[in-house]
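Novice: Going by this note's numbering, the letters in the sequence shown line up with residues 1 to 431, in that order. Cβ coordinates follow ideal geometry from the N, Cα and C atoms, glycine included. Owing to the predicted nature of the structure, the values given are computational and were not obtained by experimental measurement.
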Amino acid sequence: MKFYSTNNINNRVSLAEAIMKSLPEDNGLYMPESVPVLPSSFFENIQHYSFSEIGFEIAKHFLHPDLSLSEIKNITDDAINFPVPLVELDEQTSILELFHGPTLAFKDVGARFMSRTMALLNKNQDKKLTILVATSGDTGSAVANGFYDVDGIEVIILYPSGKVSPLQEKQLTTLGKNITALEVNGTFDDCQRMVKQSFLDNELNNYYRLSSANSINIARLIPQSFYYVDAYRQLKDKSIPFYFSVPSGNFGNLTAGLIAKKMGLPVSGFIASTNANDTIPNYLKSGSYSAQETVATISNAMDVGNPSNFARMNDFYKSHLAMSEDIIGYKYSDEQTRKMMVDVYQHKKYILDPHGAVGLLGWKEFSEGKNNIQGIVLETAHPTKFIDVVTDTLHFTPELPEALKKIEHAQKVSVLMENDFVTLKEYLLSR
Ligand SMILES: *Cc1c(COP(=O)(O)O)cnc(C)c1O
């Protein structure tokens, strides 16, 4: 399949170029030239597929014939090696637990798929591939983990100093080997801007073979559509119209849901739930897009004032009217988020992380007074990834899963950096 840029549909590139370059020169984002519509029999027989088989059935349309079917099967079998259980919270509400991967956040799905796809596309190259990635917290660790110790590939992570949780920081800064963490004195948007500028810089592109691993990489987006279909597989009553509430920041996750809908998933609509960074809910209400300064919140992985994937959402729908027929947006304060975490713990003994709590708030607001609909709330991270907020809110400390216990006392190694591109460039050229 070919991929085009959201800034120029005539700029078409191969799968390898879209994935390895990540960002077209015209500063748009890559889009698949067509989204395959899967046969209705696939959805009717969905219970006969496993999660990784669902992944294969979707991925082959995008990756074949650039990769062989057996290579694609290897990627999906290897990358999709943990479940995404759908847990019933109340009659109308289920939680899709996306945190059972190695770094305990949904970004493992995209990162594991992308790293395995890139390693295959990279296998005949003699120049090392350098992955440059900006993270608001969870991307960096998922990507670093996905590529850890992979031959011929190194990862450089930019993260905003003091704006990721202490355990997230440990996940970013304790791997070593082919993983380097740059601690930027600024916000996630600063990190993202510095990465984007690097891709557009000729000197850096001569010195390095650069690639990105943010949600802007199409190889992250494609696999995220798998779990929307797997959630449908797990729905007990498929005859009741269902919606997804997606706690959103850079809007890669929600965009992957839109891909699943285009492929034929019979979902009724999406709820874009945000924290105070409400650029998209504002757009959905007003019809005019205006990027905002990033606001720091307790759901910090969603602190994004200018979500990149809006370009893709816009490309899908072409008009505000069409987009707002499928997506409704709501925003919530930290106070509302904490209250929801407390309510759910008190009434259901279920521990939500602050991102999932924003998702549940969106679903509750949307479904208020409506009968005969059901909601799937995406729980994007394990609550202990945000242990400070959870402890402070619920007044007890949930036990860390094994994956986090191991790194809790490991030594942090990072390179401090000011938030301007010139500093980054000098550093990169002097390594
Ligand atoms: C990255 C992240 C989000 C936001 O996802 P987007 O695809 O950027 O909208 C939400 N929750 C958690 C825990 C995350 O790590």
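1. Tell me the residue span of the alpha helix (DSSP H) that contains Val358.
2. Given this structure, state the Cα-to-Cα distance separating Phe244 from Asp126, to the nearest angstrom.
3. Bridge partners for Tyr330 per DSSP, in chain order?
4. Between Met118 and Ser211, is the Cβ-Cβ spacing less than 8 Å?
5. Flag this pair as yes or no: are the beta carbons of Tyr232 and Ile72 separated by less than 8 Å?
6. Using the three-state DSSP reduction, which class does Asn124 fall into: helix, strand or coil?
7. What did DSSP end up calling Ser165 once you bin it into helix, strand or coil?
8. Is the beta carbon of Ala142 less than 8 Å from the beta carbon of Asp66?
9. With a threshold of 7 Å, establish whether the CB of Phe251 neighbours any heavy atom of ligand 1.
10. For Leu265, which residues of its own chain have a beta-carbon under 8 Å away from its beta-carbon, when the five flanking residues on both sides are left out?
11. Enumerate in chain order the residues of its own chain whose CB-to-CB distance from Gln92 is below 8 Å, with the five nearest sequence positions on each side excluded.
12. Please state whether the Cβ-Cβ distance between Val195 and Ile179 is less than 8 Å.
13. Quick one: any contact between the stretch 380-389 and the stretch 92-108, if contact means 3 or more CB pairs under 8 Å?
14. Got a sec? Which residues, its chain only, sit under 6 Å from Val304 by beta carbon, not counting five neighbours each side?
15. If you run the structure through DSSP and keep just helix, strand and coil, what is Gly305?
16. Less than 7 Å between the CB of Thr180 and some heavy atom of ligand 1, yes or no?
17. Give a yes or no on whether the C-beta atoms belonging to Phe226 and Ile58 are separated by under 8 Å.
18. Considering Cα atoms alone, identify which of Ile75, Arg116, Asp78 and Gly186 is closest to Met417.
19. Taking contact to mean at least 3 C-beta pairs separated by less than 8 Å, is the stretch 336-347 in contact with the stretch 392-399?
20. Mind checking whether the beta-carbon of Pro247 lies closer than 7 Å to any heavy atom of ligand 1?
21. I'd like the span of the beta strand (DSSP E) that includes Val155, first residue to last.
22. Go ahead and pull the three-state DSSP assignment for Arg116.
23. Given the structure, does His100 come close to ligand 1, in the sense that its CB is under 7 Å from one of the ligand's heavy atoms?
24. Thinking just about the alpha-carbon of each residue, which of Tyr30, Glu399, Ser40 and Lys238 is nearest to the one in Asn314?
25. Considering only DSSP beta bridges, list what Arg209 is partnered with.
26. Give the DSSP bridge partners of Leu96, in chain order.
27. Just to check, is the beta-carbon of His320 closer than 7 Å to a non-hydrogen atom of ligand 1?
28. Once you ignore the five residues that flank Ala403 on each side, which residues in its own chain have a CB closer than 8 Å to its CB?
29. Taking 8 Å as the threshold (C-beta atoms), are Ala260 and Asp138 in contact?
30. Apply the 10 Å Cβ neighbour rule to Val422 and answer buried if 16 or more other Cβ atoms are within range, or exposed otherwise.
31. So Pro398 and Tyr330 are supposed to be a Cβ contact under 8 Å. How far apart are they, rounded?
32. Can you name the start and end residues of the alpha helix (DSSP H) that Tyr283 belongs to?
33. Can you give me the C-alpha to C-alpha distance between Asp77 and Leu182, rounded to a whole angstrom?
34. Going straight from the alpha carbon of Leu167 to that of Glu408, what length do you get?
35. Can you check DSSP and say which residues form a bridge with Ser5?
Specialist: Well, looking at it:
1. Translated into the one-based positions of the sequence shown, residue 358 becomes position 358. Unbroken alpha helix (DSSP H) run through Val358: Pro354 to Ser367.
2. In the sequence shown, the residue the question calls residue 244 occupies position 244. In the sequence shown, the residue the question calls residue 126 occupies position 126. Distance between the alpha carbons of Phe244 and Asp126: 44 Å.
3. By 1-based counting over the sequence shown, the position of residue 330 is 330. According to DSSP, Tyr330 bridges with Ser273.
4. Taking the first residue of the sequence shown as 1, we reach residue 118 at position 118. Taking the first residue of the sequence shown as 1, we reach residue 211 at position 211. Yes.
5. Along the sequence shown, one-based indexing puts residue 232 at 232. Along the sequence shown, one-based indexing puts residue 72 at 72. The answer is no: Cβ separation not under 8 Å.
6. The residue you call residue 124 lines up with position 124 of the sequence shown. In this structure, Asn124 counts as coil in the three-state DSSP scheme.
7. Indexing the sequence shown from 1 puts residue 165 at position 165. Three-state result, Ser165: coil.
8. Within the sequence shown, residue 142 is the residue found at index 142, counting from 1. Within the sequence shown, residue 66 is the residue found at index 66, counting from 1. With respect to Asp66, Ala142 sits apart: the two C-beta atoms are not nearer than 8 Å.
9. Along the sequence shown, read from residue 1 onward, the residue named residue 251 stands at position 251. Phe251: yes, Cβ under 7 Å from ligand 1.
10. Here residue 265 refers to the residue found at position 265 when the sequence shown is read from its first residue. In its chain, beyond the 5 residues on either side, Phe43, Tyr228, Val229 and Tyr232 have a beta carbon closer than 8 Å to the beta carbon of Leu265.
11. On the sequence shown, position 92 is the one that residue 92 refers to. Answer for Gln92: Ser367, Ile373, Gln374 and Gly375, listed in chain order.
12. Your numbering for residue 195 matches position 195 in the sequence shown. Your numbering for residue 179 matches position 179 in the sequence shown. Cβ distance not < 8 Å, so Val195 and Ile179 don't count as in contact.
13. yes
14. Here residue 304 refers to the residue found at position 304 when the sequence shown is read from its first residue. If we look at Val304 and ignore the five residues flanking it on each side, its Cβ neighbours are Gly249, Asn250 and Asn277.
15. One-based indexing of the sequence shown puts residue 305 at position 305. Coil at Gly305, not helix or strand.
16. In the sequence shown, residue 180 corresponds to position 180, counting from 1. No; taking the cut-off as 7 Å, the Cβ of Thr180 has no heavy atom of ligand 1 nearer than that.
17. In the sequence shown, the residue the question calls residue 226 occupies position 226. In the sequence shown, the residue the question calls residue 58 occupies position 58. Taking 8 Å as the Cβ cut-off, Phe226 and Ile58 qualify as a contacting pair.
18. Walking along the sequence shown from the start, residue 417 turns up at place 417. The option with the nearest alpha carbon to Met417 is Gly186.
19. Between the stretch 336-347 and the stretch 392-399, the count of Cβ pairs shorter than 8 Å is three or higher; the stretches touch.
20. Position 247 of the sequence shown, counted from the first residue, corresponds to residue 247. Yes.
21. Within the sequence shown, residue 155 is the residue found at index 155, counting from 1. Run containing Val155: Ile153 to Pro160, per the beta strand (DSSP E) assignment.
22. In the sequence shown, residue 116 corresponds to position 116, counting from 1. Three-state result, Arg116: helix.
23. Numbered from 1 along the sequence shown, position 100 holds the residue referred to as residue 100. Not so, every heavy atom of ligand 1 lies at least 7 Å from the Cβ.
24. Position 314 of the sequence shown, counted from the first residue, corresponds to residue 314. Looking at the Cα atoms, Tyr30 is the closest of the given residues.
25. In the sequence shown, counting from the first residue as 1, residue 209 sits at position 209. Arg209 is bridged to Leu129.
26. In the sequence shown, residue 96 corresponds to position 96, counting from 1. Per DSSP, Leu86 and Leu378.
27. Start at 1 with the first residue of the sequence shown, and residue 320 comes out as number 320. No; taking the cut-off as 7 Å, the Cβ of His320 has no heavy atom of ligand 1 nearer than that.
28. For the purposes of this step, residue 403 is taken as the residue at position 403 of the sequence shown. Correct list, in chain order: Pro102, Thr103 and Leu104.
29. The residue you call residue 138 lines up with position 138 of the sequence shown. The residue you call residue 260 lines up with position 260 of the sequence shown. No. Outside cutoff.
30. Start at 1 with the first residue of the sequence shown, and residue 422 comes out as number 422. By the neighbour-count rule (16 or more Cβ atoms within 10 Å), Val422 is not buried but exposed.
31. The count along the sequence shown starts at 1 and reaches residue 398 at position 398. The count along the sequence shown starts at 1 and reaches residue 330 at position 330. Going by Cβ atoms, the distance from Pro398 to Tyr330 rounds to 27 Å, so no, they are not a contact pair.
32. Within the sequence shown, residue 283 is the residue found at index 283, counting from 1. Here the alpha helix (DSSP H) through Tyr283 covers Thr279 to Ser286.
33. One-based indexing of the sequence shown puts residue 77 at position 77. One-based indexing of the sequence shown puts residue 182 at position 182. Looking at the two C-alpha atoms, the distance is approximately 32 Å.
34. Within the sequence shown, the letter at position 167 stands for residue 167. Within the sequence shown, the letter at position 408 stands for residue 408. Between Leu167 and Glu408, the C-alpha separation is close to 7 Å.
35. Sequence index remark: in the sequence shown, residue 5 carries index 5 (1-based). Residue pairing by DSSP places Ser5 opposite Asn8 and Tyr30 in a beta bridge.
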